[in-house]
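Colleague: Here's a structure for you.
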Amino acid sequence: MQASPHVTDDERRALGITVKDETRTMMTAKAAPTSSIGMVDTSERLRHTIRFYDEATPNKRAKPEGVMGCEIWVKIGDLIPTDGLQCQFLGLDTASPYVVEYEGKNAGLKSHYMLRWITTRGDKGHWSEIVSPTISG
6 MQASPHVTDD
16 ERRALGITVK
26 DETRTMMTAK
36 AAPTSSIGMV
46 DTSERLRHTI
56 RFYDEATPNK
66 RAKPEGVMGC
76 EIWVKIGDLI
86 PTDGLQCQFL
96 GLDTASPYVV
106 EYEGKNAGLK
116 SHYMLRWITT
126 RGDKGHWSEI
136 VSPTISG
């Protein structure tokens, strides 16, 4: 009955049959409402294992609704970056953790990580707090 051209939409509604909405609606794109939290494990030589969580649910591993993954950026050196433009893009990770391998020449240097959520529509969330561990050699 739903596909029959002889039945009107009013008749379908009266029978409790779903009536298809012919009007297309645009979904508004919006950035993730929360920030990511980064934690770095430095227990292995020349390797950082970055775990990321949502600030609203730090005890859960799930990303916020509508989020594709977490962008991870880094700046190596003493000076802490003031924005993402000073950092190098490492990757977009869809599941924590993210592992970074360093060369021996970087041993003893600081690495400053900035993270942010990316939605399934490509919108960027807010930057995380900067996490600045030393690269162990």
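Per my numbering, the sequence shown starts with residue 6, numbered consecutively. The C-beta atom is built at its ideal place from N, Cα and C for all residues, glycine as well. Model, not experiment: these values are computed from the prediction.
I'd like the list of long-range same chain contacts for S101, defined as Cβ closer than 6 Å, with 5 residues on each side in sequence excluded.
Modeller: Non-local beta-carbon contacts of S101 in its own chain, meaning distances under 6 Å to residues more than five positions away in sequence, involve R56, F57 in chain order.
Colleague: May I ask you to report which of helix, strand or coil DSSP gives G89?
Modeller: It is helical.
Colleague: Can you tell me whether R18 is helix, strand or coil according to DSSP?
Modeller: helix
Colleague: So the candidates are S48, D128, N64; which of them puts its Cα closest to the Cα of V72?
Modeller: D128
Colleague: Would the beta-carbon of H117 fall within 7 Å of that of I85?
Modeller: Contact: yes.
Colleague: So the beta strand (DSSP E) E76 belongs to, where does it begin and stop?
Modeller: 72-81
Colleague: Quick check on the DSSP output: the beta strand (DSSP E) that includes T124 runs from which residue to which?
Modeller: 116-124
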